[in-house]
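Its first residue numbered 296, the sequence shown is counted upward by one per residue in this note's numbering. Just so it is clear, CB atoms sit at the ideal spot from N, CA and C, and this is done for glycine as well. Since the model is a prediction, treat every value here as computed from it, not as a measurement.
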Amino acid sequence: MKQFILYARKAVTSPDFSLEDLPGSGGRMDLVARCICSALWISHDLRRDSCIHVVACGGPNPPVVISFYGDRLRGVSPDERNIAAWIKKTLASRKKNPGISIRKLSFQPLVEELAPEGKFFYILHGKGRNISEEKLKEDSVFVIGDHIGLPRKEEEFVERFEHEKISLGTTPYLASQCITVLHYELDKKLLRSGFEPESSARKAEMIGRATLPEQ
Ligand SMILES: C[S@@+](CC[C@H](N)C(=O)[O-])C[C@H]1O[C@@H](n2cnc3c(N)ncnc32)[C@H](O)[C@@H]1O
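In structure tokens form, the structure reads like this:
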């Protein structure tokens with residue numbers, strides 16, 4: 296399972312935000328929704344081996360961890376508005392989705408929860424080791440900052456566990472773009488190792504064809 300943690304210091308923790316104003320009233324919920332899309336969607340399919348935990352630290356009830364799981368998600372489409380609408384419904388306890396959980400939890404207990412599963416943490420950091428020099432480990436947790444970056448105290452906390460700081464180069468990317476690049480690198484690695492993607496749509500996607508006949 297590939298896991299992503301997004302630290303979202305402004306993302307609101309109540310359903311009272313407008314789908315017409317995700318950046319303002321949602322506290323950069325647009326950024327959150329884009330990261331969820333990049334973490335879980337490919338063309339015509341979901342990444343069933345991936346999940347993303349968003350640590351929402353905005354008002355009025357911070358912190359809250361919003362998790363989306365690719366293997367269980369039902370009826371969500373990859374556009375920002377639909378993803379944000381599901382966050383809103385789940386925060387309001389109006390509707391349940393087996394692939395979405397919302398918990399009253401902060402960043403450090405989340406890291407502590409994942410660490411005993413033998414997880415290796417990669418902190419995405421402009422000054423880290425270049426990704427091209429790193430053999431990415433499977434089943435890792437990638438920790439990404441929001442538009443402001445990861446707070447130093449949270450970075451230091453992750454450093455207590457098995458970790459590496461990695462950089463994608465000198466270009467400062469959006470958090471969602473970092474997730475896309477990481478998936479791309481991991482997909483290349485899996486294909487080199489002879490990995491068989493589980494569905495024909497996924498296989499078609501990974502080898503660059505529009506469709507494949509069902510087998
Ligand atoms: C938009 S960036 C935040 C930039 C912010 N101004 C800063 O100084 O960190 C959001 C997050 O993406 C990740 N990131 C962006 N570009 C990166 C790069 N070239 N290498 C590694 N991580 C990067 C970092 O985790 C960063 O906290």
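Closest by CA to residue i, which one among the options?
i, options, result
"Pro-355", "Asp-311, Met-324, Lys-432 and Glu-451", "Asp-311"
"Val-350", "Leu-368, Ile-331 and Trp-336", "Ile-331"
"Ile-439", "Arg-369, Val-476, Lys-391 and Pro-357", "Val-476"
"Arg-343", "Ser-320, Arg-329, Asp-434 and Ala-470", "Asp-434"
"Asn-392", "Leu-409, Ala-410 and Arg-369", "Arg-369"
"Arg-424", "Thr-465, Val-406 and Leu-405", "Thr-465"
"Leu-341", "Gln-472, Gly-394, Pro-446 and Phe-416", "Gly-394"
"Val-327", "Trp-336, Gly-365, Asp-366 and Ile-378", "Ile-378"
"Leu-469", "Asp-366, Trp-381, Ser-488 and Gly-444", "Gly-444"
Quick one: is the Cβ of residue i within less than 7 Å of any heavy atom of ligand 2?
i, result
"His-478", "As presented, the structure is devoid of ligand 2, carrying ligand 1 as its sole ligands."
Write down the C-beta distance between residue i and residue j rounded to the nearest angstrom, noting that I regard them as a contact closer than 8 Å.
i, j, result
"Cys-346", "Met-296", "6 Å"
"Val-360", "Arg-398", "5 Å"
"His-348", "Gln-298", "7 Å"
Note down the Cα distance separating residue i from residue j, rounded to an integer number of angstroms.
i, j, result
"Phe-363", "Glu-449", "21 Å"
"Val-307", "Phe-456", "29 Å"
"Arg-304", "Leu-485", "33 Å"
"Glu-315", "Gly-322", "12 Å"
"Leu-451", "Ser-309", "Note on identity: in this sequence residue 451 is Glu, with Leu being the wrong assignment. So the two alpha carbons sit approximately 29 Å from each other."
"Lys-414", "Glu-480", "19 Å"
"Pro-318", "Glu-459", "31 Å"
"Asp-325", "Glu-375", "6 Å"
"Glu-429", "Gly-421", "15 Å"
"Ser-313", "Lys-432", "39 Å"
"Val-453", "Ser-388", "31 Å"
"Ala-410", "Val-436", "9 Å"
"Lys-390", "Lys-383", "9 Å"
"Tyr-302", "Pro-357", "12 Å"
"Asp-441", "Ser-427", "23 Å"
"Gln-472", "Leu-419", "12 Å"
In this structure, what does DSSP give as the bridge partners for residue i?
i, result
"Val-349", "Leu-301 and Ile-361"
"Ser-462", "Asn-425"
"Arg-398", "Val-360"
"Ile-418", "Val-438 and Lys-460"
"Leu-341", "Trp-336"
Are the C-beta atoms of residue i and some chain B residue less than 8 Å apart?
i, result
"Tyr-479", "This model lacks chain B altogether, as it is built from one protein chain only."
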